[in-house]
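Numbering (our numbering), first residue to last: 8 to 272. Take a look at the structure set out below.
What follows is the structure in structure tokens.
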């Protein structure tokens, strides 16, 4: 590489470190929960303000998407036919988000998971407080006891939609980990779910990393940006991704993010 390329790579690396440091400073903890990401995203999209004096932001459309996801639980493959108006109105002109989880608050049984144990007491108070603030401000949150995997796939299959998903990284990196009964096996890890791929090469790549599925029919794979590895994208079979997403410790957290096209004026 020439000096210009080296300089460009160095600047990119420095910017990435700076952005990471700023985000950690903002959430004021290294023990990140998804509600921390909600407030970080809210801060970025609202131009630096995370308060809502009216107390009624997005309420009608949040109800709309609650009803829509409920309907999609029964009609799983219709979401591709719907447009991005199902998302809450953008907090900025071009973007909006929705946080879905099976639980708003803290599951006290997680105190027995090694991943949470060291900071559980302080995290519990902080996380409960953040959820109280989020609900008072009517931030776009949706609690659902079971979001079907098909609905998740349909939503991220939309143009302009990605999702930050909390997974058990031990399952993602080694699918045999899901079989262990150890309370210390869980390792929380956030990835960006960029969409799905039907490309045969991508399917073969994912199948190669999942020997147990070498003879299974796989019609598509999950396209994942994993910040824990250097590759631009990883391809994961649907069954492994779902196991990692539904593992105890994740609350099946999903933070959907939609980028909307702005019509020409």
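Quick reminder that beta carbons are idealized off the backbone N, C-alpha and C, glycines included.
Check	Outcome
Quick check on residue 239: buried or exposed, where buried means 16 or more other Cβ atoms within 10 Å of its Cβ?	exposed
Please work out which residues of its chain come closer than 6 Å, Cβ to Cβ, to residue 196, disregarding the five sequence neighbours upstream and downstream, and give them in chain order.	174 and 176
Given that a residue counts as buried once 16 or more other Cβ atoms are within 10 Å of its Cβ, and exposed if not, what is residue 7?	Any property of residue 7 remains undetermined from this structure, which presents the chain solely from 8 to 272.
On the three-state DSSP scale, how would you describe residue 51?	helix
Nearest-angstrom Cα distance between residue 191 and residue 114?	Only weak support is given to the placement of residue 191: the predicted model assigns it a pLDDT of 48, under 50, and the value that follows is read from those uncertain coordinates. Distance between the alpha carbons of residue 191 and residue 114: 16 Å.
Any contact between the stretch 222 to 231 and the stretch 199 to 208? By contact I mean 3 or more CB pairs, one from each, below 8 Å.	yes
With C-beta atoms as the reference, is residue 147 less than 8 Å away from residue 104?	yes
Hey, quick one: how far does the beta strand (DSSP E) through residue 204 stretch, first residue to last?	195 to 204
Roughly how many whole angstroms lie between the Cα atoms of residue 10 and residue 263?	39 Å
Taking the beta strand (DSSP E) that residue 126 falls in, what are its first and last residues?	Careful: residue 126 lies outside any beta strand (DSSP E) and carries neither H nor E.
Where does the unbroken alpha helix (DSSP H) through residue 179 begin, and where does it stop?	176 to 180
What's the gap between the Cα of residue 24 and the Cα of residue 17?	11 Å
May I ask you to report which of helix, strand or coil DSSP gives residue 111?	coil
Check residue 250 in the structure and name its three-state DSSP category.	helix
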